[in-house]
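The structure appears right after this line, and notes come after that.
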Amino acid sequence: MNEFRVEGRGRVNADKPVKFTFDGEIYKGFEGDTVASALLANGVHLMGRSFKYHRPRGVVTAGSEEPNALIGTTRGKGRFEPNTRATIQEIYEGLGTESQNKWPTLQFDLGAINDRLYMLFSAGFYYKTFMWPRSFWDSVYEPLIRKAAGLGKAPTEVDPDHYASRYLHCDVLIVGAGPSGIAAALTAGRAGSKVVLVDENTEMGGTLLSEPAVSIEGQSAWDWLAAATNELDQLPNVRLMTRTTAMGYYHQNMIGMVQKLTDHMADIPDGAPRERMWRVRAHEVVLAQGAIERPMVFDGNDCPGVMMAGAAQTFLNRFGVLVGRRPVVLTSHDSAWYSAFDMADAGAEVVAIVDTRTEVAPSLVQQAMKRGIETLVGHTATGTKGRLRVKGLRVNPIKEGRVSYSRMLSCDAVLVCGGWTPSLHLFSHTKGSLDWDADAKAYLPGNKTEDVHIAGAGRGLWGIAAALEDGAKAGVEAVQALGQTADTVTYQVTDDRTGTGITQKELPSDRSAGKAKAFVDFQNDVTAKDIRLAVREGMKSIEHVKRYTTNGMATDQGKLSNMNGLTIASDALGKEAPQVGLTTFRPPYTPTTFGAFAGYHKGKHFEVTRKTPIDSWAEENGAAFEPVALWRRAWYFPQDGEDMHKAVSRECKATRESVGMFDASTLGKIEVSGPDAVEFMNRMYTNPWTKLGVGRCRYGLLLGEDGFIRDDGVIGRIRDDLFHVTTTTGGAASVLNMMEDYLQTEWPDLKVWLTSTTEEWATIALNGPNARKLLQPFVEGADISADAMPHMALVECTVAGFPARLFRVSFTGELGFEINVPARHGRDLWEKLHEAGQEYDICTYGTETMHVLRAEKGFIIVGQDTDGTVTPQDAGIGWAIGKMKPDFVGKRSLDRPDIAAPGRKQLVGLLTDDPKTVLVEGAQIVANPKQPKPMKMIGHVTSSYWSETLGRSIAMAVVEGGFDRMDETLHIPTEEGGTVPAKVTGTVFYDPAGDRLKVE
533 MNEFRVEGRG
543 RVNADKPVKF
553 TFDGEIYKGF
563 EGDTVASALL
573 ANGVHLMGRS
583 FKYHRPRGVV
593 TAGSEEPNAL
603 IGTTRGKGRF
613 EPNTRATIQE
623 IYEGLGTESQ
633 NKWPTLQFDL
643 GAINDRLYML
653 FSAGFYYKTF
663 MWPRSFWDSV
673 YEPLIRKAAG
683 LGKAPTEVDP
693 DHYASRYLHC
703 DVLIVGAGPS
713 GIAAALTAGR
723 AGSKVVLVDE
733 NTEMGGTLLS
743 EPAVSIEGQS
753 AWDWLAAATN
763 ELDQLPNVRL
773 MTRTTAMGYY
783 HQNMIGMVQK
793 LTDHMADIPD
803 GAPRERMWRV
813 RAHEVVLAQG
823 AIERPMVFDG
833 NDCPGVMMAG
843 AAQTFLNRFG
853 VLVGRRPVVL
863 TSHDSAWYSA
873 FDMADAGAEV
883 VAIVDTRTEV
893 APSLVQQAMK
903 RGIETLVGHT
913 ATGTKGRLRV
923 KGLRVNPIKE
933 GRVSYSRMLS
943 CDAVLVCGGW
953 TPSLHLFSHT
963 KGSLDWDADA
973 KAYLPGNKTE
983 DVHIAGAGRG
993 LWGIAAALED
1003 GAKAGVEAVQ
1013 ALGQTADTVT
1023 YQVTDDRTGT
1033 GITQKELPSD
1043 RSAGKAKAFV
1053 DFQNDVTAKD
1063 IRLAVREGMK
1073 SIEHVKRYTT
1083 NGMATDQGKL
1093 SNMNGLTIAS
1103 DALGKEAPQV
1113 GLTTFRPPYT
1123 PTTFGAFAGY
1133 HKGKHFEVTR
1143 KTPIDSWAEE
1153 NGAAFEPVAL
1163 WRRAWYFPQD
1173 GEDMHKAVSR
1183 ECKATRESVG
1193 MFDASTLGKI
1203 EVSGPDAVEF
1213 MNRMYTNPWT
1223 KLGVGRCRYG
1233 LLLGEDGFIR
1243 DDGVIGRIRD
1253 DLFHVTTTTG
1263 GAASVLNMME
1273 DYLQTEWPDL
1283 KVWLTSTTEE
1293 WATIALNGPN
1303 ARKLLQPFVE
1313 GADISADAMP
1323 HMALVECTVA
1333 GFPARLFRVS
1343 FTGELGFEIN
1353 VPARHGRDLW
1363 EKLHEAGQEY
1373 DICTYGTETM
1383 HVLRAEKGFI
1393 IVGQDTDGTV
1403 TPQDAGIGWA
1413 IGKMKPDFVG
1423 KRSLDRPDIA
1433 APGRKQLVGL
1443 LTDDPKTVLV
1453 EGAQIVANPK
1463 QPKPMKMIGH
1473 VTSSYWSETL
1483 GRSIAMAVVE
1493 GGFDRMDETL
1503 HIPTEEGGTV
1513 PAKVTGTVFY
1523 DPAGDRLKVE
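Structure follows, in structure tokens:
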């Protein structure tokens, strides 16, 4: 057990052993271990298989950038997760883990046959193969590709976990709790700023956790870290958050963060969420994310046991684990020499330090000699020995620019470092510019688009002293940007390990480059020769190279591979890196669960169900419901076992004969106010609004820039500078967003304010010849007689003692009123009207009856009778366009030739030859049912109902050249194979003269 543990090293709790399983075998670790550190402590390096070639793979890093050690984790029933990074997952008693992408076992994987056939799977092979025979695609190629796709197994059970979300505001958000981040937090926290310090790891400290020998202010790094974090924890204005990943940087300093809450627990408290999504709005942001160690590209660099030198140092000093007894260090940077020294001081027999540079600092060579470590300066690596675990490294001296004789160094680990890449992913999310540093061969932060400060290794600084100083400076700048003051702090650091290095393309070799397996992207099996092949085949931009080879498209988003890929592509093109470009970094920074994004939106909470103030009454009175957008609406009110057909027929008949009452509260409502409100309305809607008087209403039609119908509704003028705008139920949010977009970006000079009032008002519609008789006794402060309040008028008054906006409008063709009262009074008013309406045999009706009644009158429903390609002229409502208006949204598009071209689909009515046949909505329409298949479809049915009033079926449809087809018989194919003949008519089926609106 734990044969590679080093007593006295690390920060794990050796007094608390923990058992877990990997591929069914029980292993032991300690509290504080990750799966990776615990397996390495047990001598296990083989942890997975690569995607394409199924090559054996071991752990490469010690952090979230890990590309190889991806495992499946089981935390109980339904709690299986694929592609968990073994370097991040903490162990606990009973944790089950398994390797991925292998069959039948990890050690013997039949999929590794692909490795033998690697010449067939070069870059872009999927663009060149599976082309012949064509018939094989559906039956052979696609099923095989789908089966091979992916690394882990998708969960098959319902996720029982809960996910939470919260909002947070702060003065300064600091991402990364290494020396820079902690120094910034101390500076800002002491100044009194509201500070949030986050880190993705289980404890704060960053590189300090791997450098215990460094001294800060006369204390060891770990003692200073403990004192600093304790001080921050005691400050009431500072919040510390571990296990929290800042996964996206959005506009106006909004940072998305995911906090892991229970993945490290054996026993999860009841009701505790697994993860919490934080949406943080910060005045100032400090990015102190450090740098990512860069691999070296050489033949066999993916063998298990080949890992980053910095990772080996972390496993040793943080977890107390030697990754090998006889390691070889391969590097082009000073930092790996220090890793070698730490390994040697912990008892490892470091075979050699192989440095590709021709010169290194003499002090480093002297320290190596003192420890008995052979140094091979000016050497290259040309291969490895071993398959399931590295056994040797083949090295060659470089003499006069040529690779000389080879030598095999026997070893059990190869620790590499090809330099460091500043971690700028979050900064890139802001669209800030990146500047190429020719000396460091790396991109550094340039111009900023947000209130952000970058500190430490994230902007190319090296060493703990430099990181502390830069972090403190960033803290001062952030505090000063808030208008506050902060003391400048300096830190005395001794035994700091500063250094320099170079970065390279793939290492020179004496072997054939065409046969070398020198990997750039470990997870996706992209090699250096793949990058060069992509360039030879015409890929000039790094974005094209990325997609052609899949380099940087794995779950690590190219954290290890992007810069090496860019360096090789630049060399192949003979250009400098900036001329080739840089791939785009997108959120999330690391893989993030769907549960974290969904948060509380799961099960019944997956989608918000909005209910009107009258919904409870409808439920108590037996209504059937249907979803409309996000609302639950009463569909119909069955009585005595009625089905929907009978209930709707009764509701239609009762409304036409006496009075019906309908809950219209879901209609979108927006207040447009301000001195320029009328000008804004003129620009947004097709209709003219200047001459609309106060107390009058008008049908409003809204188009998109393309000239197609987007929304409609009745709009009333409450005052000269105030309009009450109604929208469709489903269009409320999009209309408001559209209005805001134009107001903020196109017409910022207009003095207009937009307010969503949908849920402020409960709206009750009364329709039918007795509507006025029922309503009149309840109205105070207004005369609603026919003369005083004609159709399309509105008044502000009280109804049943409640303040109201009363509209005389109708969506049924009958005498109608819409009563808007404050939402809290909606049910009370409904009940009062319902009780008084018994005298007139009042009928409550739902959305289905509303649809029938409006269809009988030919009124359209946007989104049902329109499909995003219908213009006002197509819908037969060209009258709603202000002919004298100079401009409105969509006006120019209405003048396009194709908008007026013959043969456009136009809205018409349909009457079936058999009046009892009700067409199916969405059914296609043909002109000639005897034409050969596939038949030419000339339109489709948009609305279709049984009309109890007319004693027959009615329908509306969009048909090519519909207005020119009046009285023509068209045919609607049925599922049974026949067709239904129907005559083309106008869309108004009932009371075309509008006499029903004129009831006294």
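In this text, residue positions in the sequence shown follow the working numbering: the first is 533, and each later residue adds one.
Heads up, the beta-carbon is just placed ideally off N, CA and C, and yes, glycines get one too.
Identity of the residues DSSP links to residue i by a beta bridge
i, result
"residue 954", "823"
"residue 1255", "1204, 1249"
"residue 1356", "Note: residue 1356 sits in no beta bridge, so no partner."
"residue 1375", "1192"
"residue 546", "None; residue 546 has no bridge partner."
"residue 1351", "1296, 1338"
"residue 1469", "BP columns for residue 1469 are empty, so no partner."
"residue 840", "948"
"residue 887", "863, 909"
"residue 606", "612, 628"
"residue 1233", "1244"
Contacts around residue i, its chain only, beta-carbon distance under 7 Å, and the 5 residues preceding and following it disregarded
i, result
"residue 1065", "654, 655"
"residue 791", "773, 775, 776, 807, 808, 810"
For residue j and residue i, the rounded distance between their alpha carbons
i, j, result
"residue 669", "residue 832", "35 Å"
"residue 800", "residue 794", "6 Å"
"residue 494", "residue 1476", "Lying outside 533 to 1532, the shown extent of the chain, residue 494 is not represented and no answer is given."
"residue 1257", "residue 1288", "10 Å"
"residue 1053", "residue 1147", "57 Å"
"residue 764", "residue 1198", "50 Å"
"residue 715", "residue 1003", "5 Å"
"residue 1030", "residue 1036", "20 Å"
"residue 939", "residue 1048", "17 Å"
"residue 953", "residue 976", "9 Å"
"residue 641", "residue 585", "11 Å"
"residue 1125", "residue 683", "16 Å"
"residue 643", "residue 1163", "51 Å"
Cβ-based neighbour list, residue i, same chain, cut-off 6 Å, excluding 5 preceding and 5 following
i, result
"residue 921", "577, 836, 837"
"residue 613", "605"
"residue 997", "1025, 1028"
"residue 906", "884"
"residue 1214", "1221"
"residue 849", "742, 744"
Helix, strand or coil at residue i according to DSSP, with G and I counted as helix
i, result
"residue 1380", "helix"
"residue 866", "coil"
"residue 1055", "coil"
"residue 1127", "helix"
"residue 737", "coil"
"residue 1137", "helix"
"residue 586", "coil"
"residue 1064", "helix"
"residue 1322", "coil"
"residue 1036", "coil"
"residue 968", "strand"
Near the ligand ZN: residue i beta-carbon under 7 Å from a heavy atom
i, result
"residue 1316", "This structure simply doesn't include the ligand ZN, nor any ligand for that matter."
Same chain, Cβ closer than 8 Å to residue i, five either side skipped, listed in chain order
i, result
"residue 880", "854, 856, 857, 858, 859"
"residue 724", "769, 1016"
"residue 1129", "809"
"residue 889", "864, 909, 910, 1033, 1034"
Residue burial classification, residue i (beta-carbon count within 10 angstroms, cutoff 16)
i, result
"residue 1068", "exposed"
"residue 891", "exposed"
"residue 1138", "exposed"
"residue 1480", "buried"
"residue 664", "exposed"
Residue-chain proximity (residue i, chain D), Cβ-Cβ < 8 Å
i, result
"residue 1122", "The displayed structure is made up of one protein chain only, and chain D is not part of it."
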